[in-house]
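Below you'll find the structure, written out as structure tokens, and then a few comments.
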Amino acid sequence: MREIGNNMKITVNDITVSYNDDGEDQAPVIIFIHGFPFNKAMWDKQLKALKENYRVIAYDVRGHGASDFGTGDFSIDLFADDLLSFMDAMKIDKAMLCGLSMGGYIALSAIEKHPDRFDALILSDTTCLADTPEAKEKRLKTIESIKKKGVSKFADESIKNLFAPESLSTKEKEIAHVREMILNTTQESLYKTLRAFYERKETCSKLQDINVPVLILVGKEDKITLPEAAQVMHEKIEDSLFSIIEHAGHLSNIENPLEFNKQIEEFFSTVYYSG
Ligand code: MLT
168 MREIGNNMKI TVNDITVSYN DDGEDQAPVI IFIHGFPFNK AMWDKQLKAL
218 KENYRVIAYD VRGHGASDFG TGDFSIDLFA DDLLSFMDAM KIDKAMLCGL
268 SMGGYIALSA IEKHPDRFDA LILSDTTCLA DTPEAKEKRL KTIESIKKKG
318 VSKFADESIK NLFAPESLST KEKEIAHVRE MILNTTQESL YKTLRAFYER
368 KETCSKLQDI NVPVLILVGK EDKITLPEAA QVMHEKIEDS LFSIIEHAGH
418 LSNIENPLEF NKQIEEFFST VYYSG
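Numbering of the sequence shown is given in the numbering used here, commencing with residue 168 and proceeding in unit increments.
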């Protein structure tokens with residue numbers, strides 16, 4: 168019998184990974200992968216909504232939340248290897264993935280490496296495009312700025328871009344939670360993950376190989392990974408579904424959980440429980 172609970176620990180590669188695990192033993196498994204620089208707690212409302220019908224797992228990516236940092240540089244490849252080793256350690260043969268932003272980068276890399284381990288994919292507020300030269304430059308400037316001005320200033324600036332303008336005036340509790348997640352990420356992890364984004368390769372040319380059901384979601388006001396970028400993925404993945412989440416920016420699952428959960432419940436139920 169597996170243990171159900173929050174903040175449980177398991178050894179994965181050279182690190183200890185912290186994860187939440189809920190739902191029935193035999194239910195289909197959904198793994199949620201958070202964005203940067205957040206942690207598994209960003210999925211609390213999704214785990215609560217889906218645990219009746221699914222085994223729901225959210226874990227902290229290396230260097231985030233309560234997972235260890237390990238040694239050496241970070242890369243999306245390394246994060247994807249961690250995900251696959253996490254599934255091995257948990258004895259999960261196959262899972263459905265739901266990744267937001269960085270979580271989407273990791274999901275795309277993992278499915279490219281091991282298409283046989285996944286039965287469905289949700290790509291939320293993410294992109295298959297690599298950083299432009301300007302965006303790469305901005306990653307380096309952000310590292311310098313955190314070193315000079317500190318994480319609190321970085322959190323303030325990030326929040327302005329993460330949330331839709333209307334959320335900035337209505338989602339006080341959610342903003343406080345996001346700020347707390349950012350402040351709880353170590354500076355070293357911020358630098359290493361920003362470096363990993365700088366090095367990140369495009370995955371658009373690999374999308375045609377995906378042959379599991381895919382749902383693409385994006386907040387209408389996402390300024391970080393634009394709806395146009397989501398549309399590009401939709402066009403490249405045959406039979407993918409695409410939906411814009413109203414009243415949301417980059418953090419669509421946090422800004423409009425009702426709509427986000429409705430979309431993902433409908434999608435997962437067609438993957439698993441139809442016909
Ligand atoms: C995220 O939410 O994971 C980040 O915005 C990703 C990025 O900056 O590319």
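A virtual CB, placed ideally from N, CA and C, is assigned to each residue, including glycine.
Item, Value
"L264 - containing beta strand (DSSP E), residue span", "262-267"
"Start-end ranges of the alpha helix (DSSP H) lying completely within the stretch 186-240, minimum 4 residues", "211-217"
"In chain order, each beta strand (DSSP E) run of at least 3 residues that lies wholly inside the stretch 310-393", "381-386"
"Proximity test, S268 beta-carbon vs the ligand MLT heavy atom, cut-off 8 Å", "yes"
"Cα-Cα separation, E279 to T370", "9 Å"
"Any non-hydrogen atom of the ligand MLT closer than 8 Å to D260 Cβ", "no"
"Beta-ladder partner(s) of I443, from DSSP", "An answer regarding residue 443 cannot be provided, because it is not within the stretch 168 to 442 covered by the chain."
"Between the CA atoms of G232 and F205 - distance to the nearest angstrom", "7 Å"
"Extent of the continuous beta strand (DSSP E) run through D286", "285-291"
"Exposure of D283, with buried meaning 16 or more beta-carbon neighbours within 10 Å", "exposed"
"Span separating the alpha-carbon of L214 from that of V381", "19 Å"
"For K316 and S407, the rounded distance between their alpha carbons", "42 Å"
"Whether G416 touches F330 by CB criterion (9 Å)", "yes"
"Any non-hydrogen atom of the ligand GTP within 8 Å of L329 CB", "Of the ligands one can find in the structure shown, namely the ligand MLT, none is the ligand GTP."
"Any non-hydrogen atom of the ligand MLT within 8 Å of F364 CB", "yes"
"Beta-carbon proximity list for L361, same chain, < 7 Å, skipping 5 on both sides", "R306, T309, I310"
"Same chain, Cβ closer than 7 Å to K218, neighbours up to 5 away in sequence not counted", "D189, G190"
"Stretch-stretch touch, CB-based, cutoff 8 Å, three pairs: the stretch 172-186 with the stretch 236-247", "yes"
"Integer-rounded CB distance, given that L374 should sit under 8 Å from I404", "5 Å"
"Exposure label - N328; buried when at least 16 CB within 10 Å", "exposed"
"Closest by C-alpha distance to E366, when choosing among E402, I198, W210, Y272", "Y272"
"Close-in-space but distant-in-sequence residues of the same chain around I326 (CB under 7 Å, 5 per side omitted)", "I342, V345, R346"
"F205 CB to nearest heavy atom of the ligand MLT below 8 Å", "yes"
"Collapsed DSSP secondary structure at I412 in the structure displayed", "strand"
"Any non-hydrogen atom of the ligand MLT closer than 8 Å to G232 Cβ", "no"
"Which listed residue (L296, E304, K340, V379) has its alpha carbon closest to that of G392", "According to the sequence shown, residue 392 is Thr rather than Gly. Among L296, E304, K340, V379, the Cα nearest to that of T392 is on L296."
"H344 Cβ short of 8 Å to the ligand MLT heavy atom set", "no"
"Delimiting residues of the alpha helix (DSSP H) encompassing D248", "243-256"
"6 Å CB neighbourhood of A397 in its chain, flanking five on each side removed", "I383, V385"
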